[in-house]
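Numbering (my numbering), first residue to last: -19 to 359. Glycine residues also receive a C-beta, built at the ideal position from the N, C-alpha and C atoms.
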Ligand code: MRU
C-alpha cells in the first residue's frame, strides 16, 4: 500500500469511463494485500460479485449499475441519428436486458443488486419513449443514473450514521457482525456509520467485531477498516459473543442487512440471528442498519427471502493452510440467515428509525421517502 494511505483512502467501487472499467479493491486479498483490479467484461463483473471480490449489499448494487452502463455503452451504433431511434434502441435493449439478467444472477440474497439494475432499467426504458434521443444520449443517461446511485449511497450511509448515533453514548461498547463498513458501501458503511461519526465526535466507543466464519469479513475487513480509522476495536470469534455480552460490555449491537421483508425480518450474514438471539437474552438492543434500497416491501416475511448457499470448500479449507475437515464430509454453508423481527429493537434507515410493529413503521418510512421525494438524499 502507498505510504500514508490507509484502506479508507481507496474507493470501494469506482467508474473509469474512458477505460470502460469498474475499479474495485479485491476484497478477497485483504487485509494482507491492497490490490485494485479493473472489471471490463460481463464475466469479470459477475465473477467479482460471486467470488466476493466486491461484496456488501450497497457495493454490489453500485457495481451492477456501473456494469450495465458500461456493457450497454459498448454497443456500437452505426447511424446514431434520432431518425433511427426505434431501430437503434431495440439493438441496445437486446444487450441491456440480456446483461441485466446475467448480472442479476450473480448473487440472490442482497436485494440492492436487482434494485440497482431495475433503477437503471427504468431510466433506460424511459429513454425508449423519447424519440428525440440519440443512443449516445441514452448511454449518457445511464451513466448519470449509475453515478447517482453511487453518490446517493454516501448520503444514505451518512444519514443512517446520524440516526444511529442518537442511540449511543460516549464510552459505549458496540458489537458488530460481518462487514457492513465502508468496504461494503462507498463511504461510512451502514452498521459502521454511527461508529465513524462517533469517532469524529470523540465518543471513545469500544467496538467488538465478530470474525464472521466462514469468510472472515469481520476479521479481514471490519477489524481492518475500523483499526485503520483509529477506532478502539477488539476482534472475537463468533462463538464468543455470548460470553462478551454476559459481562455487560456491550450496550448495542449494530449490523447491516441484505434484504429486509415488510414485516421487519432481516437477512444478513450467517450468524447474525445467533447474535440477535443472544442480545435478547442479555437485554442488549439489537439494531439493523438498512438503506431503503435494502428493504423489500414485496416480501411479506423473511420466509420468502432466497438464501444463497455457497461451496463447501469455504468451510473446510478456505483460509486454512491445509484442509480442516475430512474429505467427503457433508457441509451446510448458507451465506445468510434471517433474524426474526421480534429480536430486532429497531431498523435504522436513512429516513429514520423504524420500530415494531414493522409492517406499519416500514410503510411509514417509505411514505416519508415519497413525501420528501428523496430530496434530502438525492444529490
Ligand atoms: O457475503 P457478503 O460479504 O456480501 O455479506 C455482507 C453482509 O452480510 C453485510 O452485512 C450486508 O451486505 C450489509 S453491507 C452494508
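Distance check for residue 53 and residue 339, CA to CA, integer angstroms please. Straight-line Cα distance between these residues: approximately 40 angstroms.
When you measure from the CB of residue 197 to every non-hydrogen atom of the ligand MRU, does any distance come out below 7 angstroms? Flag set: Cβ of residue 197 near the ligand MRU.
Looking at the unbroken beta strand (DSSP E) that takes in residue 249, where does it start and where does it end? Counting along the chain, the beta strand (DSSP E) containing residue 249 begins and ends at 246 to 249.
Distance between residue 76 and residue 321 (C-alpha atoms, nearest Å): Distance from the CA atom of residue 321 to the CA atom of residue 76, rounded to whole angstroms, is 37 angstroms.
With distances taken from CA atoms, which of 83, 183, 285, 87 is nearest residue 47? Checking every option, the nearest Cα to that of residue 47 belongs to 83.
Beta-carbon separation (whole angstroms), residue 13 vs residue 238, contact threshold 8 angstroms: Incorrect: roughly 26 angstroms between the Cβ atoms, too far for contact.
Indicate the three-state DSSP secondary structure (helix, strand or coil) for residue 38 in the structure shown. In the structure shown, residue 38 sits in a helix (DSSP, three-state: H, G or I).
In angstroms with no decimal places, state the Cα-to-Cα distance between residue -14 and residue 241. Looking at the two C-alpha atoms, the distance is approximately 36 angstroms.
If you draw a straight line from the C-alpha of residue 0 to the C-alpha of residue 142, how long is it? One C-alpha to the other measures close to 36 angstroms.
Span of the beta strand (DSSP E), counted from its first residue to its last, around residue 108: For residue 108, there is no enclosing beta strand (DSSP E); the enclosing alpha helix (DSSP H) covers residues 91 to 109.
Less than 8 angstroms between the beta carbons of residue 323 and residue 195, yes or no? Cβ atoms of residue 323 and residue 195: not closer than 8 angstroms.
Can you give the Cα-Cα distance for residue 359 and residue 130, rounded to whole angstroms? Legend: pLDDT at residue 359 = 47, less than 50; position of this residue unreliable, no value from coordinates given.
Rounded straight-line distance, which links the Cα of residue 259 to that of residue 292: Going by the C-alpha atoms only, they are around 29 angstroms apart.
Per DSSP, cross-strand counterpart(s) of residue 326: Per DSSP, 267.
Mark residue 61 as exposed unless 16 or more other C-beta atoms lie within 10 angstroms of its C-beta, in which case mark it buried. Exposed, by the Cβ-count rule.
Residue environment, residue 181, which counts as buried when at least 16 other CB atoms sit within 10 Å: By the neighbour-count rule (16 or more Cβ atoms within 10 Å), residue 181 is not buried but exposed.
Contacting residues, own chain, Cβ-Cβ under 8 angstroms from residue 149 (five flanking each side not counted): 183, 231.
Could you tell me if the beta carbon of residue 99 falls within a distance shorter than 7 angstroms of some heavy atom in the ligand MRU? Outside the cutoff, so no.
Whole angstroms is fine: what's the gap from residue 343's alpha carbon to residue 244's? Answer to the nearest angstrom: the Cα atoms are 11 angstroms apart.
Identify whether residue 154 lies in helix, strand or coil by the three-state DSSP scheme. Residue state, collapsed to three classes: strand.
Taking the DSSP output, what are the residues bridged to residue 233? According to DSSP, residue 233 bridges with 155, 266.
State the DSSP-derived secondary structure class of residue 47, mapped to helix, strand or coil. When DSSP states are grouped into helix, strand and coil, residue 47 belongs to the helix group.
Closest residue to residue 9 among 305, 332, 214, 200 (Cα-Cα distance): Of the listed residues, the one whose Cα sits closest to residue 9 is 200.
Secondary structure at residue 285, three-state DSSP: helix, strand or coil? Note: residue 285 maps to coil in three-state DSSP.
Could you please go through the chain and list the residues whose beta-carbon is closer than 5 angstroms to any non-hydrogen atom of the ligand MRU? That gives 35, 36, 37, 158, 160, 164, 170, 197, 236, 238, 248, 249.
Give a yes or no on contact between the stretch 249 to 266 and the stretch 294 to 308, applying the rule of three or more CB pairs nearer than 8 angstroms. Touching, no.
What would DSSP say about residue 344, mapped onto helix, strand or coil? Residue 344: helix per DSSP, three-state reduction.
How big is the Cα-Cα spacing for residue 197 and residue 191? If I take the Cα positions, the gap works out to 7 angstroms.
Put residue 189 into one of helix, strand or coil per three-state DSSP. Here residue 189 carries a strand assignment [DSSP, helix/strand/coil].
Could you give the C-beta distance for residue 80 and residue 97, rounded to a whole number, given that I count them as a contact under 8 angstroms? The C-beta distance from residue 80 to residue 97 rounds to 5 angstroms, short enough to fall under 8 angstroms.
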